[in-house]
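Colleague:
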Amino acid sequence: MSTDHVKDPKPIRLVFELARADHPRLYDELIQFHKGTKRVNRLRVLAYDGLLAQSGVFAEMGRGSPHLPSASSAQEGNGDITNDLFAPAIDA
Amino acid sequence: MELIVRAVDVGSGNTKFVTAAAGTDIRCASFPSVAYPSSDDSPSWPASERKKTVCIPIGPLFYEVGPDVSLAADTFRAKQLHDEYTETPEYMALLRGALSMMKVSHIDLLVVGLPVALFAVKKAALEKAMTGRHGIGGGKVVTVGKAMAVAQPQGALAHFASEHQKMAIIGNEQSLIIDPGSRTFDWLVARGMRLVQKQSYSFNRGMSDVLRLLAAEITKDIGSPYRDYDAIDLALRTGKQPMIFQKPYDMKRLLPLAETVAEQAVSTMKEWIEAPHSLQNIILVGGGAFLFRKAVKAAFPKHRIHEVKEPMFANVRGFQLAGQNYARSSMAATGKERAQGVSGEIE
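So, in structure tokens, the structure goes:
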């Protein structure tokens, strides 16, 4: 980054179109707000949270809690697999 | 009706238990494994001060247990650090304390853990003792329809397989689970999820040995008896120096001593492992994992050492998961284990 950018940061102006096919979840979130400031503010919040999440800030906050539930990607398995925990030990 | 499954892991340091579960969303809580005996059921502080403890009746005495017990207890005499701890009234008080905090009046299947070395000899007796009615004070009772005991690190294996999406393949793999706890250093070799008895064991080399050793060194150094194990434990985990005689005490020179305990334990374990090259998974769990990490990595330089999130709850989460699957596959069909008691919430 050049020093000019740091000393005199110019506002960024963005104009873009978002089709649902591009990002369905984001589209569904933003469409709940009517056109204008509220929709832009929601987009701003989501973008900034995304930036923090990418930087690991949210992960750091969660680490201290001892009672977090298991991750949603965890597999439950079934009795065919985990019932071996209750089977007699292998002696050999 | 869905069977109610719960899990408790009464460790020497902390009692871990499941408060709610839906699939893999397993919520846990814990309190120090300290039971403070008294002759009546009144807490050891004024009624105006609400603290998180319960008084559990065992025989002629009451035992106060719970997250705030350290505010009341003389912890020096209240801990049970020996091989018969599962047969002590303190153990039963800790288990019933956990039951009382689950807020259910009936449990269809309760899964509990045992140190590896005690597993074969204590399993049947513990399962028998856990089944039936448990008074939890105030006239309330929790009934347990069926109880099953597993070796503590087996829970961590199930939790690891769940978290790492290995449920489909773990049955064909060999795993080594290393569980340095408060009192014992446990390890377990498993084929699939089955315990291989001859290569699995536990012995008394846990965090408490490290803390005692360092306390003895500090005692020698300062010329005055020092037994603040919690301060040493915190210092080891955080690097923050403990305050002794109003000054920060530099523990750096004692760290190699602490690491020798871990190295000795891991070295002994290696003698039991017959074919380390066949191990697909080496999993390090337990409250002492942070101190044993270096020694484990040095012992298995060609392996990747896996750790899990919140290692303290790894065993109890695995117990719960396996218990839920067992209840669905082996109990729901017959309904035989369903006790007559009505399940529901306790106020």
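Here the protein sequences line up with chains A and B, keeping their order. According to the numbering used here, the first sequence is numbered sequentially starting from 2. According to the numbering used here, the second sequence is numbered sequentially starting from 1479. Every residue, glycine too, gets a C-beta built ideally from N, C-alpha and C. Here the structure is a predicted model, which means the values were calculated and not measured.
Is there at least one Cβ from chain A nearer than 7 angstroms to A1636 of chain B's Cβ?
Modeller: With 7 angstroms as the cut-off, A1636 of chain B counts as an interface residue toward chain A.
Colleague: Which residue or residues does DSSP assign as beta-bridge partners of E1542 of chain B?
Modeller: E1542 of chain B pairs with B:Y1514, B:C1533.
Colleague: Do you know offhand how far P1 of chain A's Cα is from V1488 of chain B's?
Modeller: Nothing in the structure corresponds to residue 1 of chain A, since chain A is present only between 2 and 93.
Colleague: Would you mind listing the alpha helix (DSSP H) stretches within the region 1713-1761 of chain B that are 4+ residues and don't spill past its ends, in chain order?
Modeller: DSSP runs (the alpha helix (DSSP H)) wholly in the region 1713-1761 of chain B: 1733-1750.
Colleague: Indicate whether at least one CB of chain A lies closer than 7 angstroms to the CB of V1674 of chain B.
Modeller: So yes, V1674 of chain B belongs to the interface.
Colleague: Let me know the secondary structure DSSP gives I32 of chain A once reduced to three states.
Modeller: Coil at I32 of chain A, not helix or strand.
Colleague: Can you tell which of B:A1740, B:G1764, B:L1769, B:A1625 has the C-alpha that lies nearest to the C-alpha of F1638 of chain B?
Modeller: Out of B:A1740, B:G1764, B:L1769, B:A1625, B:G1764 has the C-alpha closest to the C-alpha of F1638 of chain B.
Colleague: Based on DSSP bridge pairs, tell me the residues matched to T1621 of chain B.
Modeller: Answer is B:H1584, B:R1611, bridged to T1621 of chain B.
Colleague: Whole angstroms are fine: how far does the CA of G1684 of chain B sit from the CA of G1659 of chain B?
Modeller: Near 5 angstroms, if we compare the C-alpha coordinates of G1684 of chain B and G1659 of chain B.
Colleague: Measuring alpha carbon to alpha carbon, tell me which of B:F1663, B:R1484, B:A1668 ends up nearest E1752 of chain B.
Modeller: Out of B:F1663, B:R1484, B:A1668, B:A1668 has the C-alpha closest to the C-alpha of E1752 of chain B.
Colleague: With a threshold of 7 angstroms between beta-carbons, can I82 of chain A be considered close to chain B, or not?
Modeller: I82 of chain A counts as touching chain B.
Colleague: Within 7 angstroms (strictly less), CB to CB, does N1803 of chain B reach chain A?
Modeller: Yes, because at least one Cβ of chain A sits closer than 7 angstroms to the Cβ of N1803 of chain B.
Colleague: Let me know the secondary structure DSSP gives Y1679 of chain B once reduced to three states.
Modeller: If DSSP states are grouped into helix, strand and coil, Y1679 of chain B belongs with the strands.
Colleague: Restricting to runs no shorter than 3 residues, where is the beta strand (DSSP E) found entirely within the region 1638-1685 of chain B?
Modeller: Counting whole runs of 3 or more residues, the region 1638-1685 of chain B contains the beta strand (DSSP E) stretches 1652-1658, 1663-1669, 1679-1681.
Colleague: For D1518 of chain B and M1580 of chain B, what's the separation of their Cα atoms in angstroms?
Modeller: Spanning the two alpha carbons is a distance of roughly 23 angstroms.
Colleague: If we count Cβ pairs, one from each stretch, closer than 8 angstroms, do we get three or more for the region 1595-1607 of chain B versus the region 1624-1640 of chain B?
Modeller: They touch, by the three-pair rule.
Colleague: Leaving out five residues on either side along the sequence, give the residues of the same chain with a beta carbon under 7 angstroms from the beta carbon of V1622 of chain B.
Modeller: Closer than 7 angstroms at the Cβ level, and outside the excluded window around V1622 of chain B, lie I1585, L1588, M1608, T1609, G1610, H1612.
Colleague: Assuming L1692 of chain B and L1735 of chain B are in contact, meaning their beta carbons sit under 8 angstroms apart, how far apart are those beta carbons, in whole angstroms?
Modeller: That belief holds up - the Cβ atoms of L1692 of chain B and L1735 of chain B are roughly 7 angstroms apart, short of 8 angstroms.
Colleague: When you compare the CB of M1829 of chain B with every CB in chain A, is at least one pair closer than 7 angstroms?
Modeller: There is simply no residue 1829 of chain B to check, as chain B begins at 1479 and stops at 1825 in what is shown.
Colleague: Considering only the alpha carbon of each residue, which of B:A1485, B:E1480, B:S1490 lies closest to N1682 of chain B?
Modeller: Of the listed residues, the one whose Cα sits closest to N1682 of chain B is B:S1490.
Colleague: Check whether the Cβ of I91 of chain A lies closer than 7 angstroms to any Cβ atom in chain B.
Modeller: Cβ-Cβ to chain B under 7 angstroms: yes for I91 of chain A.
Colleague: Which runs of the alpha helix (DSSP H), 4 residues or longer, sit entirely within the region 1684-1709 of chain B?
Modeller: Within the region 1684-1709 of chain B, the complete alpha helix (DSSP H) runs of at least 4 residues are 1685-1700.
Colleague: Could you pull out every residue in the same chain whose Cβ sits closer than 8 angstroms to the Cβ of T1497 of chain B, ignoring the five residues on either side in sequence?
Modeller: Closer than 8 angstroms at Cβ, skipping near neighbours: R1505, C1506, A1507, M1579, M1580, K1581.
Colleague: Note down, in chain order, every chain A residue with its Cβ under 8 angstroms from the Cβ of L1799 of chain B.
Modeller: E77, G78, T83, listed in chain order.
Colleague: Please identify, using Cβ separations under 9 angstroms, the residues of the region 1628-1654 of chain B that lie next to chain E, in order along the chain.
Modeller: The structure shown contains no chain E; its protein chains are A and B.
Colleague: Can you look up V1486 of chain B in the DSSP assignment and give me helix, strand or coil?
Modeller: Strand, per DSSP.
Colleague: Tell me whether the beta-carbon of A1800 of chain B lies closer than 7 angstroms to the beta-carbon of L86 of chain A.
Modeller: Cβ atoms of A1800 of chain B and L86 of chain A: closer than 7 angstroms.
Colleague: Can you tell me the Cα-Cα spacing of T1531 of chain B and R1795 of chain B, whole angstroms?
Modeller: Cα to Cα, T1531 of chain B sits roughly 23 angstroms from R1795 of chain B.
Colleague: For R1661 of chain B, is the classification buried or exposed, using 16 other Cβ atoms within 10 angstroms of its Cβ as the cut-off for buried?
Modeller: With 16 or more other Cβ atoms within 10 Å, it is buried.
Colleague: Is it buried or exposed for R14 of chain A, if we count other Cβ within 10 angstroms and need 16 for buried?
Modeller: Per the 10 Å Cβ criterion, exposed.
Colleague: For R1806 of chain B, go through chain A and note every residue whose CB falls closer than 7 angstroms to its CB, in chain order.
Modeller: Ordered by position in chain A, the residues that pass the 7 angstroms Cβ test against R1806 of chain B are G80.
Colleague: Comparing the C-beta of F17 of chain A with each C-beta of chain B, is any distance below 7 angstroms?
Modeller: So no, F17 of chain A is outside the interface.
Colleague: Of all the CB atoms in chain A, is at least one closer than 7 angstroms to the CB of T1662 of chain B?
Modeller: Chain A, which has no Cβ nearer than 7 angstroms to the Cβ of T1662 of chain B, makes this no.
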